[in-house]
Amino acid sequence: MARIRRVLLAVATLFAPALAQQSTQVLLSSDRNINMPQWQSDWRKLTPDAPTAWSIRKYVLHGGKQEGVDVILLDNGKLIISICPTRGMGILWAKLGDVRLGWDSPIKEIVHPRNMNLQMRGGLGWLEGFNELVVRCGLENTGQPGTDKFINNLGDEAAMELTVHGKIANIPASEVEVIVEKQPPYRLRVRGRVDERMFFGPKLELWTEVSTEVGSDTLRISDTLTNRGASEQEFQILYHCNFGRPMLEEGSTFLAAVERIVPFNANAAKGITSYDQYAGPKAGFIEQVYWMYPLADSDGKSMAMLQNKAKDRAVSITFSPKELPYLTLWKNTTAEEEGYVTGIEPGSGFTANRRVERKAGRVPKLAGGATRQFTLDFGIHVGSEAVRRAAARVREIQGSRKPLLEESPPKMQ
Amino acid sequence: MARIRRVLLAVATLFAPALAQQSTQVLLSSDRNINMPQWQSDWRKLTPDAPTAWSIRKYVLHGGKQEGVDVILLDNGKLIISICPTRGMGILWAKLGDVRLGWDSPIKEIVHPRNMNLQMRGGLGWLEGFNELVVRCGLENTGQPGTDKFINNLGDEAAMELTVHGKIANIPASEVEVIVEKQPPYRLRVRGRVDERMFFGPKLELWTEVSTEVGSDTLRISDTLTNRGASEQEFQILYHCNFGRPMLEEGSTFLAAVERIVPFNANAAKGITSYDQYAGPKAGFIEQVYWMYPLADSDGKSMAMLQNKAKDRAVSITFSPKELPYLTLWKNTTAEEEGYVTGIEPGSGFTANRRVERKAGRVPKLAGGATRQFTLDFGIHVGSEAVRRAAARVREIQGSRKPLLEESPPKMQ
Amino acid sequence: MARIRRVLLAVATLFAPALAQQSTQVLLSSDRNINMPQWQSDWRKLTPDAPTAWSIRKYVLHGGKQEGVDVILLDNGKLIISICPTRGMGILWAKLGDVRLGWDSPIKEIVHPRNMNLQMRGGLGWLEGFNELVVRCGLENTGQPGTDKFINNLGDEAAMELTVHGKIANIPASEVEVIVEKQPPYRLRVRGRVDERMFFGPKLELWTEVSTEVGSDTLRISDTLTNRGASEQEFQILYHCNFGRPMLEEGSTFLAAVERIVPFNANAAKGITSYDQYAGPKAGFIEQVYWMYPLADSDGKSMAMLQNKAKDRAVSITFSPKELPYLTLWKNTTAEEEGYVTGIEPGSGFTANRRVERKAGRVPKLAGGATRQFTLDFGIHVGSEAVRRAAARVREIQGSRKPLLEESPPKMQ
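Residue numbers (our numbering), protein chains in the order written: chain A, 5 to 417; chain B, 5 to 417; chain C, 5 to 417.
Here is the structure:
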């Protein structure tokens, strides 16, 4: 049946005007005053020749703190990805067969930023909305809350209280569009622009993109950061990628190509020798954070991965240390109810307060009008053989360079 | 006419399938992504046999800071109760004939929490939305603003600025349902779940319920608090019940069964001998707060009441000191324009900052998964005889135990 | 055609009941629970006799931080004015032929107050939404952020952190109405009530009005401030009127009738001799602020104006120093991308923190129930002759009184 339809369509196409290479649909735009609360498209309409039945759907959440939140479900026919324009284009979760990427946060709703106050609880307000698979941290700061300086409207140095992980995850997207490539491999793109703009402050613009090819088991983040100001501007960005069950369990292991591993604090130092091993959930567990310096292969790519105990399910993240030179590992194997989770976090820096990061030379600057790219490829590996191959890839990047395990946390000022 | 209809319906019922015991309607649900902006039901549809024509209606407010706020009007045929899911299921007002429970706050709109910033004005931001008949305070703190400690993500003690009366009144309900009992006494229930959840923080869930029986002059609050975290969790809860005219006027009196009465500060100490007497409105009046230790009868019930000057109108609150062991009386007989009001406030503690309350042993803890119940019964007493009976009930609980009036405020640290 | 229709209508009017003098349309009301997201009217419906085709339209913005923001376009047939009820009835921009009043802020969206947090960045959060032609500052404070005292609920002096320029621009209007006068000169009024109310705090009510006559090149702001509290209340108000291109360019000049000009700080002092001259955009330029004491003519009117280099385009603001005794000039000729703009700001005080303003005797009080009026007339002057006439008017007010240029900033405590 499907075959006959495809043949008929192919014939019809001969007589039809040439199809555009790609189809673009704007779902939300503050420039053009557009908001389509509901929208849906699929292979039938746009790529009848595609071998797999994909679909993309936008809808709105209701109830409590999630009233009015937009969600886009991107289903490539095999892998489903849930994206949240209202929360800075974060990725809520992804699913491929029995493999769920994501975690069970104690935050159950997808919290609308207008219900957030980042300054609550000593600058930890961000934690009232934290439940994404991938949440971007930044763009002014990515780390711990606390006082830092800035230059105010009078040209004077003034003090501000940075809030944990910055603002970008709690800024609703200003532009959202879906782009469907109409030729193989039929890449499906969900793009959104998130602005972190302030008068007498940063004018940073982040065009985010989550894409996947029809029928594939991978997804890609391709972000472009632009300084729309006239002057040089500090920035920080960190991709906080979070995994719970089934990928995380007692006996799961972490694997990455790294040069050096540094415990963030005394508590992490205690666990340094088993930094890559995961325990089961335990109430009262205090987070352990490791800072790593990733290694790249000759193509400039590094890779980190998390594999389950049986080593027959794994997720990998491939990124470029040139773009994101630092890698933070966050182990939070607390009770299920409190959020049993681990974070793999490639970033422009580590997760200390910006004041500390700046002193350590880990706060990059962007000239007026300048642009940076960040690309992360996520792979889902199902079956022992696939997991083995992915692990081999990490070891290949590592090569003969043995990772240096530091025993003490760095001195921070 | 009504009788004939009832007979006909009773006959019809013989041939109809057995009616369910109760009817449940979900009006809002973040779990199921439901929000019914408008909804209405009444006795005709659900309890045609009921002796009184009740109705329940949900609608949405517009304009200014109340844009998008949900209100539920619960009319038992005699008593009308206005409930606000968007403001933590607070009770805005109740009305029975010429008796209005509630007050005239200088805050005229029902402020949507997304327009609130609790941290403004030194932690007094809560006061920008305060105009309810019953507003729940808590769940992390119920008292004065100010610094307190907490354990942060690193397992370290850190400082946070508590905001006055906590967050719960400014959290929109995540689940709202109406339950109608289809047999006498036809209890009508409006239930809502309000979550105070934070990663690296409390996971407190409050199922609230306001109910009344068809044709009655009473309403009941039955709340269930659950710690959804794995670890022990401090909590505070206080029912801030506020009354203005016609119940409050010059010559109104307060009556409660109490063991001891303590003035909160020097200003309250000045008025200790007339703590139970109310003056008329006076611009510039500074609030007087009294802390009381309520007494219970053999059934564990205590009672407090406010009666008008003529003692022919009164409102009473019956509660259990086992659930709510402390009672705060707030006298704020300032000018009408500023908010002429008194608060009767049964709570898990008094209204000092949590730091003070903790030292005084008044901050209870809830084990992981554990639950607490809180029940308050409000009675509206119309006519001298009814008021006399209610006052006699308070005196019966008091018995021969004479309340101890302390002259000085407690030492607080 | 239009003439015939008018004649027919005039005839019809003979037989119709007498027309009301004016037509009032309520667009939004929290008192009456009204919100008309879309609305439109024009001369055809209401003033068919008017010589010019005017229209008024209300619509809603979408996308990013402007989702749900109301805008009213008031087109008098010649001059178009964009008003934002959601942002405290601010004026976004005005346009008359090739003259645009307004500026290109780096803030591109019309930010909904519910997305704002005024306390961010050391109390500079207001800057995340700043892009209006006219933004009202106040009502509790109009100046720099920083600590000031207030009297709290206990009657005690307490500390609060004031946020820059106050709250009023980020409070959505509670009442919005359009009034059309049906006789010449057919004044069109857009009125809105913005409340700054707090329990244990100010009860200030501001009825704003923006109006214009059909076919004219002027617009008027007529605001009425009322203290709805019972007690005396401090207030501050400042009209932050902001101009970019084409009025502002290298070679533009500022002109005002003033007694004295004081540089706000050392940086402004450096430029005091050219305080009335504008440079072109320059990245890294630090704002220069001048405080001025305006002079009035025998009718009590003062006037300030900004004229372009060619002196063939100008904007003037006429105001009464009895109502607004202080005038602040803000020069911010930074790069275009950062916000090339100048502000002309008549106010109840200058722009220092309220603590400083109070000490200097520049924080007025309003008795309980008392009212103040503020009127500002904006003129747009097109053509050399019109600009010359406007400048002559300023010089006429100045008369022989030579402005005193101070070389040093005032001592502030």
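Each residue gets a CB set at the ideal place from its N, CA and C atoms; glycine is no exception.
Short of 7 Å from the beta carbon of valine 367/B, and not among the five residues preceding or following it, lie these beta carbons of its own chain, in chain order: Glu238, Gln240, Gly353, Arg358 and Glu361. Here valine 168/B really is in contact with glycine 127/B; their C-beta atoms are around 6 Å apart, less than 8 Å. Here proline 298/A is buried: its Cβ has 16 or more other Cβ atoms, across all protein chains shown, within 10 Å.
Sequence-ordered contacts of the stretch 105-123 of chain A with chain B read Ser109, Pro110, Ile111, Lys112, Glu113, His116, Arg118, Asn119, Asn121 and Gln123 [C-beta pairs closer than 8 Å]. Pairing glycine 133/C with leucine 122/C gives a Cβ-Cβ distance that is not under 7 Å. Taken in chain order, the unbroken stretches of alpha helix (DSSP H) that lie wholly in the stretch 92-169 of chain B and span 4 residues or more are 124-127. Straight through space, the alpha carbons of threonine 322/A and lysine 82/A are spaced by roughly 21 Å.
Under the three-state reduction of DSSP, glutamate 342/C is assigned to helix. Within the stretch 338-387 of chain C, the complete alpha helix (DSSP H) runs of at least 4 residues fall at 340-343 and 358-363. A straight-line Cα-Cα distance of about 12 Å links alanine 173/B and isoleucine 114/B. The C-beta of alanine 287/B comes closer than 7 Å to at least one C-beta of chain C. Of all residues in the stretch 130-164 of chain B, the ones placed with a Cβ closer than 8 Å to any Cβ belonging to chain A are Phe154, Asn156, Asn157, Leu158, Gly159, Ala162, Ala163 and Met164, in chain order. If you check the CB distance, glycine 255/B and lysine 326/B do not come in under 7 Å.
Within its own chain, the residues whose Cβ lies closer than 6 Å to the Cβ of phenylalanine 289/B, once the five positions on either side in sequence are excluded, are Thr337 and Thr338, listed in chain order. The beta carbon of histidine 385/C sits closer than 6 Å to those of Ala318, Val391 and Ala394, all from its chain and outside the five residues before and after it, given in chain order. Check the Cα spacing between isoleucine 265/C and each of Pro110/C, Leu331/C and Val75/C: the tightest is with Leu331/C. Shown here for methionine 296/A: same chain residues with a beta carbon closer than 6 Å to its own, the five before and five after excluded, namely Val262, Ile265 and Leu331 in chain order.
The contact set of glutamine 70/A on chain B, defined by CB atoms closer than 7 Å, consists of Ser34 in chain order. With a cut-off of 8 Å on Cβ pairs, the stretch 373-387 of chain C is not in contact with the stretch 344-353 of chain B, counting fewer than three such pairs. Secondary structure in the stretch 276-337 of chain B: the beta strand (DSSP E) runs of 3 residues or longer, each lying completely within the stretch, are 292-298, 306-311, 317-323 and 330-337 in chain order. Of all alpha-carbon atoms in Leu143/A, Phe258/A, Gly159/A and Lys112/A, the one lying nearest the alpha-carbon of glutamate 136/A is that of Lys112/A.
Rounded to the nearest angstrom, the gap between the Cα atoms of lysine 186/A and leucine 208/C is 59 Å.
Between the alpha carbons of glutamate 144/A and serine 220/B lies a gap of roughly 58 Å. Tryptophan 97/C and serine 109/C do not touch by the CB rule: their CB atoms are close to 11 Å apart, not below 8 Å.
When the beta-carbon positions are compared, cysteine 141/A and glycine 101/A stay at least 7 Å from each other. The beta carbon of glycine 233/C sits closer than 7 Å to some beta carbon of chain B. Beta-bridge partners assigned by DSSP to threonine 230/A: Glu209/A and Thr375/A.
Apart from the 5 residues on each side of it in sequence, tyrosine 63/B sits with its Cβ closer than 7 Å to the Cβ of Gln42 and Val75 in its chain, given in chain order. Collapsing the DSSP output to three states places threonine 51/C in coil. The beta-carbon of asparagine 37/B is placed less than 7 Å from the nearest beta-carbon of chain A. For alanine 272/C, the enclosing alpha helix (DSSP H) begins and ends at 270-274. Fewer than three Cβ pairs drawn from the stretch 147-161 of chain B and the stretch 46-56 of chain A lie within less than 8 Å of each other, which leaves the two stretches out of contact.
Using a CB distance cut-off of 7 Å, proline 206/B does not count as an interface residue toward chain A. For histidine 66/B, the residues of chain C that pass the 8 Å Cβ criterion are Leu32, Ser33, Ser34, Asn37, Ile38 and Asn39, in the order they occur in the chain.
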